[in-house]
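Here is the structure we will look at.
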Amino acid sequence: MEVIRAGKGPMRIAVTGANGDYGKLLLPRLEADPAVESILVLDTKEPVGTRKVEFHRVDLTRYDAESELTDALTERPVDALFHLAFLFGPILNGPLAHELEVIGTMNVLTAVGRAKLPRLVVPSLTAAYGARGNNPALLRENSPLFGCPHSRFVNDKVEVEGQVRAFRERHPDTRTLVLRFAPLLGRSLDNPATRLLAQAVVPTLLGFDPLWQAVHEDDAGRALHLALRADVTGEFNIVGRGVLPLSGLIRQAGAQPLPLPGPLFRGALRALGVLGAGTLPVALLDYMHYSWVADGERAESALGFVPLHHVKDAAAALRRSQS
Numbered sequence: 001m002e003v004i005r006a007g008k009g010p011m012r013i014a015v016t017g018a019n020g021d022y023g024k025l026l027l028p029r030l031e032a033d034p035a036v037e038s039i040l041v042l043d044t045k046e047p048v049g050t051r052k053v054e055f056h057r058v059d060l061t062r063y064d065a066e067s068e069l070t071d072a073l074t075e076r077p078v079d080a081l082f083h084l085a086f087l088f089g090p091i092l093n094g095p096l097a098h099e100l101e102v103i104g105t106m107n108v109l110t111a112v113g114r115a116k117l118p119r120l121v122v123p124s125l126t127a128a129y130g131a132r133g134n135n136p137a138l139l140r141e142n143s144p145l146f147g148c149p150h151s152r153f154v155n156d157k158v159e160v161e162g163q164v165r166a167f168r169e170r171h172p173d174t175r176t177l178v179l180r181f182a183p184l185l186g187r188s189l190d191n192p193a194t195r196l197l198a199q200a201v202v203p204t205l206l207g208f209d210p211l212w213q214a215v216h217e218d219d220a221g222r223a224l225h226l227a228l229r230a231d232v233t234g235e236f237n238i239v240g241r242g243v244l245p246l247s248g249l250i251r252q253a254g255a256q257p258l259p260l261p262g263p264l265f266r267g268a269l270r271a272l273g274v275l276g277a278g279t280l281p282v283a284l285l286d287y288m289h290y291s292w293v294a295d296g297e298r299a300e301s302a303l304g305f306v307p308l309h310h311v312k313d314a315a316a317a318l319r320r321s322q323s
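First residue of the sequence shown: 1, per full-length UniProt numbering; consecutive thereafter.
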C-alpha cells in the first residue's frame with residue numbers, strides 16, 4: 001500500500017463510520033501515515049486491529065448526537081473529519097437509514113461548524129447524477145444531481161450533498177470536499193454493485209447495455225487519503241480508468257449476463273432479493289437502462305488522484321475474491 005504523506009504533523013483525524021466500507025479503506029492508510037498521530041473514531045463500535053484509534057461512542061441517530069459530537073471535537077484540536085457513516089449493505093429499515101444518513105449528517109455538520117474544524121471530507125456517489133437517456137457523454141461536477149426516482153438509497157445521498165453545499169457556503173473557512181465515487185469494487189466491500197456481480201447469472205435489461213464505471217477499492221482508499229492534504233474544496237468525481245458496457249463488466253467479474261424483457265427483468269431482481277441475494281434493488285432499474293459516465297479530470301488536476309486500476313481490473317479482482 002502506497003503511503004501518502006499528509007504534509008504536516010502531528011495530525012489528529014476524526015472519522016465517523018469507521019466500520020463501514022469507506023472506513024475500512026481509509027483507516028489502514030491513516031494508521032500507516034507517519035503524519036497522523038491519532039484517529040478519533042466517532043462510532044457505535046470500536047474498529048479492531050488499530051493502534052492510533054481513540055474511540056468515542058456516538059450514535060448519530062440519537063437525540064443527543066450533536067452535543068456528543070461537539071464535545072468530542074472540541075476537547076482537543078482536530079485537523080480533519082472524514083464523515084463516512086453511510087450505508088451500502090442491504091437496507092432492511094429505510095427510515096433508520098434515512099435517519100442515519102440525513103439527520104446524522106445534519107448533526108455532524110452542526111458539530112463541525114461549532115468546533116471550527118479546518119477540513120471536512122464527505123463521500124457521495126456518481127449515481128447521484130442519475131441515469132437518464134439525455135445525459136451528456138461525460139457528467140462533470142457542475143452537472144445537476146437528479147438522483148433516482150423511488151430510490152431512497154440514492155436520493156438520501158443527493159439530500160446529504162445539498163446539506164454539505166449549504167454548510168460550505170456558511171463556513172468558508174472549513175475546507176470541504178465531496179468525493180463522488182463510481183461503484184466501488186473489491187474483495188472487502190459489500191454494496192449493491194458487488195452483490196449484483198457476485199451472482200453466477202446476472203439479469204440485465206434486453207436491448208440495453210449501458211456503460212458503467214467502477215473504482216477499485218485500492219484507488220478509493222487512495223482518493224480518500226489524498227483528500228486529507230489537498231489544497232482544494234468542492235466536489236470531485238472519483239472514477240477508475242476506462243468504461244465497460246454492463247455486460248462486459250459482468251463477464252469480467254466471472255458472471256454471465258442474462259438479458260430479459262422489462263417485466264421478467266423486474267421479477268428476476270425481486271426473486272434474487274427474496275432468496276437473500278441482496279442484489280441491486282428494483283428501484284435502481286435506471287442504471288441498468290441508461291449510461292451515467294462521470295468525468296474524472298478535475299480529481300486528477302486538482303486533487304492529484306490518478307486511478308491505477310482499469311474498470312476491468314476492479315471487476316476481475318472481485319472475481320478472484322469469489323474463486
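Built from N, CA and C at the ideal position, the CB exists for glycine as well. A quick note: this is a predicted structure, and the numbers were derived from the prediction, not measured.
#1: Do the region 214-223 and the region 68-75 make contact, defined as three or more Cβ pairs closer than 8 angstroms?
#2: Start and end of the beta strand (DSSP E) containing residue 43?
#3: Is the distance from the Cβ of residue 125 to the Cβ of residue 112 below 8 angstroms?
#4: Taking just the CA atoms, how far does residue 270 sit from residue 230?
#5: Which two residues bound the contiguous alpha helix (DSSP H) that contains residue 203?
#6: Please confirm whether residue 80 and residue 284 have their CB atoms less than 8 angstroms apart.
#7: Drop a sphere of 10 angstroms on the beta-carbon of residue 150, count the other beta-carbons inside from all chains shown, and report buried for 16 or more, exposed for fewer.
#8: Quick one, which of 132, 286 and 313 has its alpha-carbon nearest residue 248's?
#9: With three or more beta-carbon pairs closer than 8 angstroms as the criterion, would you say the region 30-46 touches the region 13-20?
#10: Classify residue 54 as helix, strand or coil using the three-state DSSP reduction.
#11: Jot down the residue ranges of each uninterrupted alpha helix (DSSP H) in the region 143-218, minimum 4 residues, whole runs only, in chain order.
#12: The alpha helix (DSSP H) with residue 28 in it runs from where to where?
#13: Let me know if residue 287 comes out buried or exposed under the rule of 16 or more other beta-carbons within 10 Å of its beta-carbon.
The relevant details are as follows:
#1: These segments do not touch.
#2: For the purposes of this step, residue 43 is taken as residue 43 along the sequence shown, with counting starting at 1. For residue 43, the enclosing beta strand (DSSP E) covers residues 36-43.
#3: Counting from one through the sequence shown, the residue named residue 125 turns up at place 125. Counting from one through the sequence shown, the residue named residue 112 turns up at place 112. Result no, Cβ atoms of residue 125 and residue 112 do not sit closer than 8 angstroms.
#4: In the sequence shown, residue 230 corresponds to position 230, counting from 1. In the sequence shown, residue 270 corresponds to position 270, counting from 1. One C-alpha to the other measures close to 43 angstroms.
#5: Position 203 of the sequence shown, counted from the first residue, corresponds to residue 203. Per DSSP, residue 203 belongs to no alpha helix (DSSP H); it is in the beta strand (DSSP E), 201-205.
#6: Locating residue 80 in the sequence shown gives position 80, counting from the first residue. Locating residue 284 in the sequence shown gives position 284, counting from the first residue. No, these two residues do not count as a Cβ contact at 8 angstroms.
#7: For the purposes of this step, residue 150 is identified with residue 150 of the sequence shown, where counting begins at 1. The C-beta of residue 150 has fewer than 16 other C-beta atoms within 10 Å across all chains shown, which makes the residue exposed.
#8: The residue you call residue 248 lines up with position 248 of the sequence shown. Considering only alpha carbons, the answer is 313.
#9: Yes: the two stretches touch, three or more of their Cβ pairs being nearer than 8 angstroms.
#10: As a first step, residue 54 is located in the sequence shown; it is residue number 54 there, counting from the start. Residue 54 sits in a strand when the DSSP states are folded into three classes.
#11: DSSP runs (the alpha helix (DSSP H)) wholly in the region 143-218: 152-170 and 192-197.
#12: As a working note, residue 28 is residue 28 in the sequence shown. Counting along the chain, the alpha helix (DSSP H) containing residue 28 begins and ends at 21-32.
#13: As a working mapping, residue 287 is identified with position 287 in the sequence shown. Counting the other CB atoms within 10 Å of its CB gives residue 287 a total of 16 or more, which places it among the buried residues.
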